[in-house]
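Residue 267 in numbering that gives the first Met the number 0 is what sits at position 268 of the sequence shown, and the numbering runs on without skipping anything.
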Amino acid sequence: MAEQEEKYFTEQEDVEVETLDEFEEVVQGGTSAALNTEESQQEAESPAEKKGPKRGKHSKGEPEPPEYIKRSRRMRKILLVIIIALVILIVAGCVLTYMLVDTARNAASQQALTSISDVNSLEDGDEAKDASTSTSKRTTVPDLVSLLGMNLDQVVAELQHGAQVSGMTEVNEEGNPVKMQVSIALSDEPADTRSGTPSVYLDLDEAGNVIKAGYSVATASIGYGTLSFADAVQNERIIEKTIEEAGLTVANQSAVLPEDKMAYSTYASDGTTLTREYCEFSGTGSAGGAEYTWQASLSYDYNMANATGNLADTIRTIYVYVSA
Numbered sequence: 000m001a002e003q004e005e006k007y008f009t010e011q012e013d014v015e016v017e018t019l020d021e022f023e024e025v026v027q028g029g030t031s032a033a034l035n036t037e038e039s040q041q042e043a044e045s046p047a048e049k050k051g052p053k054r055g056k057h058s059k060g061e062p063e064p065p066e067y068i069k070r071s072r073r074m075r076k077i078l079l080v081i082i083i084a085l086v087i088l089i090v091a092g093c094v095l096t097y098m099l100v101d102t103a104r105n106a107a108s109q110q111a112l113t114s115i116s117d118v119n120s121l122e123d124g125d126e127a128k129d130a131s132t133s134t135s136k137r138t139t140v141p142d143l144v145s146l147l148g149m150n151l152d153q154v155v156a157e158l159q160h161g162a163q164v165s166g167m168t169e170v171n172e173e174g175n176p177v178k179m180q181v182s183i184a185l186s187d188e189p190a191d192t193r194s195g196t197p198s199v200y201l202d203l204d205e206a207g208n209v210i211k212a213g214y215s216v217a218t219a220s221i222g223y224g225t226l227s228f229a230d231a232v233q234n235e236r237i238i239e240k241t242i243e244e245a246g247l248t249v250a251n252q253s254a255v256l257p258e259d260k261m262a263y264s265t266y267a268s269d270g271t272t273l274t275r276e277y278c279e280f281s282g283t284g285s286a287g288g289a290e291y292t293w294q295a296s297l298s299y300d301y302n303m304a305n306a307t308g309n310l311a312d313t314i315r316t317i318y319v320y321v322s323a
């Protein structure tokens, strides 16, 4: 009986032991399953975590450029716009400059053509031929021959017409007989608004006597009006007539213009605007059986006329000199 009870308890213990072993295996199996489940969940979640934040379609597969590259791109765009704007401004400036220069050139050419046309019309038209009669003579050329050999006081007394010494210049040149040059204004004579008061010019020797006498006056004051330059010399014989009034007898057509007009004409930088006509003449004449030398020059200054557009504003002056 005792052996049966012992066997029973032994069997019960074995059953309990087997039961505990099975329980541990179950627990271990459950634990392993749970761990496997968690690992599966982690593996399922890890791809999504690895993918990171969702990107736009433009950046798909491309890394975003650094900030300095973005700034460089913006700067290049700005510089391109500025260069295009500068090119447009330069082209516009060149076009505007060309238009201004062309307009100024055309205006100058038109003015020059008008001036030359007026001068030519005076040379060839009836107006030039009648000009000397339309201007009355307002002064008389002094007898320059009679002044030769006089001293300064005698000359002033001889001239009258309000003669006043307006300038004196000493001359110190070795071998030059002229020692003093004197200017005398004839203040009582009608003055021209453009060329001034008629004047007498004297060269005095060492003794103070006149060895050369000259005279200047506006051509209008001695009756030659608005004659053209060529017409005054060639047709009206202004040089010969003025020399004869100064006391000398000269041959007809003693004063001849050069055949080339450019020899006595001056033009502005544009090459077409006439600014001055000037020519010098010289020869010999006689008075009281003695022979004298004469010099003369005729000057037409067109600068004021070009500025005003009025040919009547031309400054026309004649100079004559007589010496022994």
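Where a beta carbon is used, it is the ideal one built from N, C-alpha and C, also for glycine.
Values in this document were obtained by computation on a predicted structure and should not be read as measured data.
| Going by the beta-carbon positions, is the gap between R137 and P189 smaller than 8 Å? | Taking the sequence shown and counting its residues from 1, one reaches residue 137 at position 138. Taking the sequence shown and counting its residues from 1, one reaches residue 189 at position 190. It is a contact, given that the beta carbons lie within the stated cut-off.
| task | Use the C-beta contact count for V216: other C-beta atoms within 10 angstroms, 16 or more gives buried, fewer gives exposed. | result | Locating residue 216 in the sequence shown gives position 217, where the first residue counts as 1. V216 comes out buried.
| task | Return the first residue and the last residue of the beta strand (DSSP E) that I237 is part of. | result | Within the sequence shown, the letter at position 238 stands for residue 237. No beta strand (DSSP E) contains I237, which is instead part of the alpha helix (DSSP H) from 237-244.
| Candidates T272, N234, T241, of which the one nearest L256 by Cα | Along the sequence shown, one-based indexing puts residue 256 at 257. Checked all of T272, N234, T241; the closest Cα to L256 is N234.
| Okay, do the stretch 152-162 and the stretch 178-195 touch, 3+ Cβ pairs below 8 Å being the bar? | yes
| field | Beta-carbon contacts of L146 that lie in its chain and below 6 Å, excluding the five residues immediately before and after | value | Within the sequence shown, numbered from 1, the residue matching residue 146 stands at position 147. Only V154, V209, A212 meet the Cβ criterion.
| task | Identify, in the order they occur along the chain, each residue of the same chain with its Cβ nearer than 6 Å to the Cβ of Y318, setting aside the five sequence neighbours on each side. | result | Taking the first residue of the sequence shown as 1, we reach residue 318 at position 319. Answer for Y318: S215, S296, listed in chain order.
| said: Tell me the DSSP secondary structure of A1 in three-state form. | reply: Counted from its first residue, the sequence shown places residue 1 at position 2. Here A1 scores only 48 on pLDDT, less than 50, and its place in the model should not be relied on; the value that follows carries that caveat. Reduced to three states, the DSSP call for A1 is helix.
| said: At 3 residues or longer, what runs of the beta strand (DSSP E) sit wholly inside the stretch 155-225? | reply: 162-169, 179-185, 198-203, 209-217
| request: With DSSP as the reference, please indicate the residues paired to G308 in a beta bridge. | output: Position 309 of the sequence shown, counted from the start, is the residue given in the question as residue 308. Note: G308 sits in no beta bridge, so no partner.
| query | Since V321 sits in a beta bridge, which residues does DSSP pair it with? | reply | Within the sequence shown, residue 321 is the residue found at index 322, counting from 1. Bridge partners of V321: A212, W293.
| 7 Å CB neighbourhood of P176 in its chain, flanking five on each side removed | Reading the sequence shown from its first residue, position 177 is the one you call residue 176. Here the set comprises D204, I210.
| message | So for S281, helix, strand or coil by DSSP? | response | Counting from one through the sequence shown, the residue named residue 281 turns up at place 282. DSSP places S281 in strand when its eight states are reduced to three.
| task | Along the beta strand (DSSP E) that carries S264, what are the first and last residues, could you check? | result | Position 265 of the sequence shown holds residue 264. 264-266 is the span of the beta strand (DSSP E), which, as asked, contains S264.
| For A286, which residues from the same chain have a beta carbon less than 6 Å from its beta carbon, with the 5 sequence-adjacent residues on both sides left out? | Residue numbering aside, residue 286 sits at position 287 when the sequence shown is read from its first letter. These residues qualify, in order along the chain: V144, G246, L247.
| task | Using three-state DSSP, classify R137 as helix, strand or coil. | result | What you label residue 137 is simply residue 138 of the sequence shown in a count that begins at 1. Reduced to three states, the DSSP call for R137 is coil.
| task | Identify every residue that forms a DSSP beta bridge with E258. | result | Taking the first residue of the sequence shown as position 1, residue 258 is located at position 259. In the DSSP output, where bridge partners are listed per residue, E258 has none listed.
| query | Which residue's Cα is closest to the Cα of E169: G148, L201, E243? | reply | In the sequence shown, counting from the first residue as 1, residue 169 sits at position 170. Nearest option by C-alpha distance: L201.
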